[in-house]
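Asker:
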Amino acid sequence: MSQTSPPSSDPRRLIRYACAALAITAVLMWALYLIRAPLLLIYVSALFATGLAPLVRIIERQRIVAISRRRLPRAAAILVIYATVLGAIGALAAAVIPPLVRQSQDLWKRLPDYLDQAQQRLASWGIISPDSSFKEFLQQAPAGSGDAVSVFLGAVFGFVGGILGLVTILLLTFYMLVDSERMFGLFVRMFPKGERNRVSSISALAADKISAWLSGQMLLGLIIGTLSAIGYALMGVPYFFVLAVIAGIGEMIPMVGPLLAAVPAVLVALTVSPGLALGVAAFCWVLQLLENNVLVPKVMGDTVGLSAVTVIASLVIGSELLGFVGALLAVPTAAIVQVLIEELYLTEQDQV
Numbered sequence: 336m337s338q339t340s341p342p343s344s345d346p347r348r349l350i351r352y353a354c355a356a357l358a359i360t361a362v363l364m365w366a367l368y369l370i371r372a373p374l375l376l377i378y379v380s381a382l383f384a385t386g387l388a389p390l391v392r393i394i395e396r397q398r399i400v401a402i403s404r405r406r407l408p409r410a411a412a413i414l415v416i417y418a419t420v421l422g423a424i425g426a427l428a429a430a431v432i433p434p435l436v437r438q439s440q441d442l443w444k445r446l447p448d449y450l451d452q453a454q455q456r457l458a459s460w461g462i463i464s465p466d467s468s469f470k471e472f473l474q475q476a477p478a479g480s481g482d483a484v485s486v487f488l489g490a491v492f493g494f495v496g497g498i499l500g501l502v503t504i505l506l507l508t509f510y511m512l513v514d515s516e517r518m519f520g521l522f523v524r525m526f527p528k529g530e531r532n533r534v535s536s537i538s539a540l541a542a543d544k545i546s547a548w549l550s551g552q553m554l555l556g557l558i559i560g561t562l563s564a565i566g567y568a569l570m571g572v573p574y575f576f577v578l579a580v581i582a583g584i585g586e587m588i589p590m591v592g593p594l595l596a597a598v599p600a601v602l603v604a605l606t607v608s609p610g611l612a613l614g615v616a617a618f619c620w621v622l623q624l625l626e627n628n629v630l631v632p633k634v635m636g637d638t639v640g641l642s643a644v645t646v647i648a649s650l651v652i653g654s655e656l657l658g659f660v661g662a663l664l665a666v667p668t669a670a671i672v673q674v675l676i677e678e679l680y681l682t683e684q685d686q687v
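Numbering-wise (my numbering), the sequence shown opens with residue 336 and increments by one.
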C-alpha cells in the first residue's frame with residue numbers, strides 16, 4: 336500500500352504558507368510606514384518622559400508648604416517643570432527679539448552704505464568691476480523671485496506643523512509621566528512571570544541611560560553657552576549674554592540648533608560692522624567643529640557610557656535616516672541597544 340506524504344511536506348502548501356507570510360509582513364511594514372510620523376512622536380515622547388522621570392520624582396517629594404505633610408501631586412510636579420522651561424524661553428524671547436528687530440531695521444537702513452563699502456573694497460582688490468552695482472542687484476532680486484510666495488507658504492506650513500508636533504510631544508510626555516507606573520506595570524506583565532524581574536532590571540538600566548543622555552545634553556548646552564559668552568564678550572558683541580543663552584539652548588537641538596543659534600549672533604554683530612559679523616561667523620564655525628568632534632563624543636561617552644566611535648557612528652546613521660530628528664534620537668537609541676546587547680546576549684555568553 337502506497338503512503339502519501341504528510342501535508343506539511345507538500346511543496347505547494349509550503350509555498351502558499353511562505354507567500355502568505357511574506358504578504359502579511361509586507362502589509363505590516365506598509366502600515367508601519369504609513370504611521371511612521373505618529374510612531375516617531377510617541378518614541379520621542381517616551382524618551383523625554385523617561386529622562387524627566389527622576390526630576391519629577393524629586394519635585395514630587397517636596398511638601399506643598401513647609402509645615403504640611405502632603406506631597407506635591409505628580410501632575411503638579413510635571414507642570415512645574417513645564418512652566419519653568421516655557422517661562423525661561425518666554426523671558427529669553429522677550430529679552431532678545433525686540434532689540435534684534437530694532438537692530439535689524441537699523442541694519443536694513445544702513446545696508447546700502449555697507450554694500451558701497453564692500454563694492455569699493457572688492458573693486459580695489461580687482462575682484463569685481465568698478466561698474467558693478469550691489470544696489471541694483473539688491474533692488475532686482477525681489478522681482479526675480481517668482482516662487483517667493485510658494486516658498487513662504489511652505490515655510491509657514493512647516494512652521495505650523497513643527498509647532499503642532501511639539502505640542503503633541505509635550506502632551507504625550509505629560510500623560511506618560513502621570514501614568515508611568517501603571518504603564519510600566521502593564522508592560523512588565525506582558526512577559527512570563529519568570530522573566531519579569533529581569534525585564535524590570537533591564538528597563539531600569541535603559542531608563543538610567545536615557546536620564547544620563549538628557550543630563551549630557553544639558554551639560555553640552557552649558558559648555559557651549561559658556562564658551563559662546565566668553566567669545567562674544569571678547570569680540571565686543573552686543574547682548575552677548577542673551578546670545579550665549581540662545582547658543583546653549585540651540586546646542587540641545589542637533590544639526591540645525593547651532594546654526595539657528597548662530598544667525599541672531601551674526602545679525603547682531605552685523606549691526607556693529609561687517610568685519611565683526613565675519614568674526615562671529617568664523618567663531619561659531621570653529622565652535623561647531625569643536626562640538627561635533629570633541630565635546631559630543633567626550634561628554635556623551637562619559638555620561639551615557641558609550642564609546643566615542645559609537646556616539647559618532649550613531650549620530651551619522653541617525654542623521655542620514657531621519658535628519659535632525661534622527662540625530663536627536665541617535666545617542667539614546669544607541670544606549671538602549673547597548674543595554675539590550677549587554678544584558679540579553681553578552682551576559683548569557685559569559686554564563687556559557
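Glycine is no exception: its CB is placed at the ideal position from the N, C-alpha and C atoms.
Over the uninterrupted alpha helix (DSSP H) stretch that includes residue 530, give me the two end residues.
Answerer: 528 to 570
Asker: For a test of the three-state rule: what should DSSP assign to residue 445, helix, strand or coil?
Answerer: helix
Asker: Are the segment 568 to 583 and the segment 425 to 434 in contact at 8 Å, needing three or more beta carbon pairs?
Answerer: yes
Asker: Thinking just about the alpha-carbon of each residue, which of 389, 680, 413, 649 is nearest to the one in residue 537?
Answerer: Comparing Cα-Cα distances from residue 537 to each of 389, 680, 413, 649, the minimum goes to 680.
Asker: Considering Cα atoms alone, identify which of 509, 371, 584, 526 is closest to residue 656.
Answerer: 371
Asker: Report, in whole angstroms, the separation of the C-beta atoms of residue 670 and residue 641, which I expect to be a contact under 8 Å.
Answerer: About 6 Å separates the two Cβ atoms, so the contact holds.
Asker: Check this for me: beta carbons of residue 567 and residue 600, under 8 Å apart or not?
Answerer: yes
Asker: Can you tell which of 653, 410, 668, 556 has its C-alpha closest to the C-alpha of residue 626?
Answerer: 556
Asker: Quick one: what does DSSP say residue 480 is sitting in, helix, strand or coil?
Answerer: At residue 480 the pLDDT is 48, less than 50, meaning the model places this residue with poor confidence; the figure from the coordinates comes in the next sentence. Residue state for residue 480 is assigned as coil, using DSSP reduced to three classes.
Asker: With 16 other CB atoms within 10 Å as the buried threshold, where does residue 586 fall?
Answerer: buried
Asker: If you run the structure through DSSP and keep just helix, strand and coil, what is residue 291?
Answerer: Summary: the structure shown does not reach residue 291, with the chain confined to residues 336 through 687, and so no result is reported for it.
Asker: Judging by CA-CA distance, which residue of 638, 395, 414, 508 is the nearest neighbour of residue 384?
Answerer: 508
Asker: Report the rounded CA-to-CA distance for residue 588 versus residue 553, giving the unit in angstroms.
Answerer: 11 Å
Asker: Give the straight-line distance between the Cα atoms of residue 518 and residue 573, rounded to the nearest whole angstrom.
Answerer: 49 Å
Asker: Taking Cβ to Cβ, would you say residue 512 is nearer than 8 Å to residue 393?
Answerer: no
Asker: Just reading off the alpha helix (DSSP H) that residue 653 is part of, what are its end residues?
Answerer: 643 to 675
Asker: I'd like to check one pair, residue 664 with residue 379: are the Cβ atoms closer than 8 Å?
Answerer: yes
Asker: Let me know if residue 645 comes out buried or exposed under the rule of 16 or more other beta-carbons within 10 Å of its beta-carbon.
Answerer: buried
Asker: Taking just the CA atoms, how far does residue 565 sit from residue 559?
Answerer: Residue 565 has its alpha-carbon roughly 10 Å from the corresponding atom of residue 559.
Asker: If we call anything under 8 Å between Cβ atoms a contact, is residue 523 one with residue 535?
Answerer: yes
Asker: Between the beta-carbon of residue 416 and the beta-carbon of residue 387, is there less than 8 Å?
Answerer: yes
Asker: Check each candidate in 643, 619, 434, 360 and name the one with the smallest Cα separation from residue 598.
Answerer: The residue among 643, 619, 434, 360 with its C-alpha nearest the C-alpha of residue 598 is 619.
Asker: Which stretch, first to last residue, makes up the alpha helix (DSSP H) that contains residue 638?
Answerer: Note, residue 638: alpha helix (DSSP H), 631 to 639.
Asker: Less than 8 Å between the C-beta atoms of residue 406 and residue 396, yes or no?
Answerer: yes
Asker: Considering only residues of the same chain and omitting the five flanking positions on each side of residue 570, which have a CB-CB separation below 8 Å?
Answerer: 604, 611, 614, 615, 618
Asker: Buried or exposed: residue 421, going by 16 or more other Cβ atoms within 10 Å of its Cβ?
Answerer: exposed
Asker: Need the endpoints of the alpha helix (DSSP H) that residue 517 sits in, please.
Answerer: Looking at the DSSP string, the run of the alpha helix (DSSP H) that includes residue 517 is 515 to 524.
Asker: Just the Cα atoms here: how many angstroms apart are residue 622 and residue 364?
Answerer: 41 Å
Asker: Ordered along the chain, which non-local residues of its own chain (more than five positions away) have a Cβ less than 8 Å from that of residue 638?
Answerer: Excluding positions up to five away in sequence, the list reads 547, 548, 550, 551, 554.
Asker: Going by alpha carbons, who is nearest to residue 445 out of 608, 530, 520, 635?
Answerer: 608
Asker: Going along the chain, which residues of its own chain have a beta-carbon closer than 6 Å to the beta-carbon of residue 478, five neighbours each way excluded?
Answerer: Low confidence applies here, because residue 478 scores a pLDDT of 47, under 50, leaving its location unreliable and the question unanswered by this model.
Asker: Can you say whether residue 662 is buried or exposed, counting buried as having 16 or more other CB atoms within 10 angstroms of its CB?
Answerer: Buried, since its Cβ has 16 or more Cβ neighbours within 10 Å.
Asker: Taking the CB atoms as reference points, tell me whether residue 545 and residue 376 lie closer together than 8 Å.
Answerer: Not a contact, by the Cβ cut-off of 8 Å.
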